[in-house]
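A.B. asks: Residue numbers (the numbering used here): 9 to 77. We put the beta carbon where it would ideally sit given N, CA and C, even for glycine. If you scroll down you'll find the structure; I have some questions about it.
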């Protein structure tokens, strides 16, 4: 699952949420359990942990054949 965080500009975690009932792809959203009051003109940082590893890269192509004799 994805885990979302909202931080203050100074690095204090203000809220966290674990996403549930996610689709296979595309936009995902999840409401906070407790609403967070934010102030106009204040900087907030939003981050998400995807808790998964990317797929491995494809194997390299085979070497070219040797030149003809």
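Our contact map puts residue 30 next to residue 9 with C-beta atoms below 8 Å; I'd like the distance itself, whole angstroms only.
C.D. replies: Against the chain shown, residue 30 aligns to sequence position 22. Against the chain shown, residue 9 aligns to sequence position 1. Right, the Cβ-Cβ distance comes to about 7 Å (below 8 Å), so this counts as a contact.
A.B. asks: Would you kindly work out how many angstroms separate the C-alpha atoms of residue 12 and residue 23, rounded to a whole number?
C.D. replies: By 1-based counting over the chain shown, the position of residue 12 is 4. By 1-based counting over the chain shown, the position of residue 23 is 15. Their Cα atoms are separated by approximately 8 Å.
A.B. asks: To the nearest angstrom, how far is the alpha carbon of residue 51 from that of residue 17?
C.D. replies: In the chain shown, the residue the question calls residue 51 occupies position 43. In the chain shown, the residue the question calls residue 17 occupies position 9. If you take the alpha carbons of residue 51 and residue 17, they lie about 6 Å apart.
A.B. asks: Less than 8 Å separating the beta-carbons of residue 25 and residue 38?
C.D. replies: In the chain shown, the residue the question calls residue 25 occupies position 17. In the chain shown, the residue the question calls residue 38 occupies position 30. Against a cut-off of 8 Å, the Cβ pair of residue 38 and residue 25 comes out as a contact.
A.B. asks: Where does the unbroken beta strand (DSSP E) through residue 55 begin, and where does it stop?
C.D. replies: Taking the first residue of the chain shown as 1, we reach residue 55 at position 47. Segment 52-57, the beta strand (DSSP E) holding residue 55.
A.B. asks: From 14, 27 and 46, pick the residue whose C-alpha is nearest to that of residue 58; which is it?
C.D. replies: Position 50 of the chain shown, counting from 1, holds the residue named residue 58. Taking only the C-alpha atoms, the option nearest residue 58 is 27.
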